[in-house]
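Okay, structure first, notes after.
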Amino acid sequence: MYGIGSLLLNDNGRRARRDAYYGYTAHLWNRREPYWFNSVNAVPVTAITAGMLDRPVPQPRRLIMLLAFRLILVTATLIPQILAAQQIPCDSYYIVQRGDTLSKIAAAAYGRATAYQTIFSFNPGVLSNPDQLPVGVRLYIPCLGSDRQPPKIALEPLQKAGSEKQPTVKILTGAEYEPYVDSKLPEGGFSVELVKRAFEASDNPPAYRIDAISDWGAQLQPLISEGCYQLGFPWYKPDCTQQAKLGKSSLWRCENLHFSEAMHEVVISFYTRPELLDVVKTVDNLRGKRICRPRGYFTHDLEAKGLTPTTMTRVEAESPEDCFEMLVNGDVDVVTVNAETADRVQTKLRISSRVADMIQFATIETLHVVGMKTDPNTRANLLRIDQGLSKLKENGQYRQIAAKHLKGP
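Going by numbering that gives the first Met the number 0, the sequence shown opens with residue 0, and the numbers climb by one from there.
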């Protein structure tokens, strides 16, 4: 019967007295499904219904405790889901918790797990691995779009083009590389404004001119290498400590260029179709796959992973949009581009649900101003850039410039 002498029988065959305390203590210690046992049958406690309790009626106190323990179990199950659904307010700081990823934080802040590059860009030098966040790290969470916070620091007007001074430093950049450079962007893009403000914030800034041409492939060689321009940006810096793994183009950069301090830290990630996630789990699984990266983009990060023309099929599309369209159409297996571009393209094409981010393969690459080692003025010019960048970060203007350009899709 259901009286004081009733027993609980767990699936190990052990018995525990079912009084108000000890029966449930045994259940919790054993971590097994307890059974309500009487002279007729045994049923799981979690399966007890009101009808089963009609006859005989358990003591009120015991029933209350049963319901209380059920409530505790349900609450414990729901707490992680409640926490995961919490929103993180923008223009605030967030302390990284155990189990956090950039994708989860971005989803909580913006409703888009793919928007994590913005968080990364606003916290330069804080994170070293996009897939592993140190617990306790303090991250600034910027606002996006119409929710952006108002400017907190007044930015001085930039030097106007066509200054009366004869430019002593001619600088070259490209086009159609949002949000960093493009003629349609404010001030020509994030990188362009940074270079201008860094020069003007440096000690004894020189007269300079910035030109943009769309042919990225002609910039380092021959336009900069032959002295038509003294500096160029923004260019990725290979890991020159791994020269044995680098291709010809990457080796040329290591051997011939000086680099400024990093202007931007960029997450370069890998994307596939959701159904391929179980197939592509390690770098070795990428071998033999059709990997799309737009024509003219760097390859040193692929080379460092052992992904060369002999180990995978490189597909060179005209644009990131083309790469992602080929991915969802099944024409390539993997797309690899920077996370900011991936977020923008997926949102624009409305294909986010058809693309999966393999952030475990992601790397952090840095964008720089570069100049030839053979130019005796390169070190001095890059030192000015470095001084200016340092001042912009110290006085908070770097973050303000970032807020201006990183608006999200």
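In this text, a Cβ means the ideal position worked out from N, Cα and C, and glycines have one as well.
Please report how far the alpha carbon of residue i lies from the alpha carbon of residue j, in whole angstroms.
i      : j      : result
Met325 : Ser351 : 14 Å
His257 : Ile140 : 33 Å
Val282 : Pro233 : 28 Å
Leu193 : Ile384 : 9 Å
Leu52  : Asp130 : Low confidence applies to Leu52: its pLDDT is 46, below 50, so where it sits in the model is not reliable, and the reading given next is rough at best. Cα to Cα, the separation comes out at about 51 Å.
Gln96  : Asp90  : 19 Å
Trp215 : Glu260 : 21 Å
His26  : Ser127 : Low local confidence applies: a pLDDT of 43 at His26 is under 50, so the model's placement there is unreliable, and no value is given.
Leu250 : Gln242 : 7 Å
Ala402 : Thr117 : 9 Å
Gly295 : Phe121 : 27 Å
Val354 : Glu274 : 9 Å
Asn328 : Glu320 : 12 Å
Leu143 : Leu405 : 7 Å
Pro185 : Gly231 : 19 Å
Asn255 : Lys244 : 17 Å
Ala114 : Thr346 : 10 Å
Arg208 : Thr309 : 42 Å
Leu306 : Asn203 : 45 Å
Lys372 : Arg289 : 37 Å
Leu276 : Pro221 : 42 Å
Lys103 : Tyr109 : 10 Å
Ile212 : Arg378 : 24 Å
Ile223 : Thr240 : 24 Å
Ile94  : Lys392 : 21 Å
Arg398 : Phe119 : 12 Å
Pro237 : Gly98  : 31 Å
Val314 : Ala361 : 19 Å
Can you give the beta carbon distance from residue i to residue j, rounded, assuming they're within the 8 Å contact cut?
i      : j      : result
Thr172 : Ser201 : Not quite, the Cβ-Cβ distance comes to about 18 Å (not below 8 Å), so this is no contact.
Ser268 : Pro293 : About 15 Å; that fails the 8 Å criterion.
Gly135 : Gln229 : No, Gly135 and Gln229 are not in contact; Cβ-Cβ is about 43 Å, not under 8 Å.
Ala107 : Ile87  : 5 Å
Glu264 : Pro178 : Incorrect: roughly 14 Å between the Cβ atoms, too far for contact.
Let me know the secondary structure DSSP gives residue i once reduced to three states.
i      : result
Gly187 : helix
Leu219 : helix
Glu391 : Going by the sequence as given, residue 391 is Leu instead of Glu. Of the three classes helix, strand and coil, the one that applies to Leu391 here is helix, per DSSP.
Ile267 : strand
Asp210 : strand
Glu260 : coil
Ala174 : coil
Ile290 : strand
Arg252 : helix
Arg313 : strand
Thr298 : coil
Asp385 : helix
Pro233 : strand
Thr281 : coil
Thr167 : coil
His404 : helix
Ala243 : helix
Glu225 : coil
Leu306 : coil
Ala355 : strand
Leu193 : helix
Do the CB positions of residue i and residue j come within less than 9 Å of each other?
i      : j      : result
Glu339 : Tyr235 : no
Asp356 : Arg272 : no
Phe198 : Tyr270 : no
Gln386 : Arg196 : no
Met311 : Leu388 : no
Leu138 : Thr100 : no
Asp210 : Lys169 : yes
Thr335 : Leu382 : no
Ile358 : Val279 : no
Thr298 : Gly246 : yes
CB of residue i to nearest heavy atom of the ligand FMN: below 8 Å?
i      : result
Phe121 : Of ligands this structure carries none, so the ligand FMN is not represented either.
* Which whole runs of the beta strand (DSSP E) in the region 80 to 149 are 3 residues long or more, in chain order? -> 91 to 94, 137 to 140
* Asked: Whole beta strand (DSSP E) runs in the region 312 to 353 with 3 or more residues, listed along the chain?
  -> 312 to 314, 333 to 337
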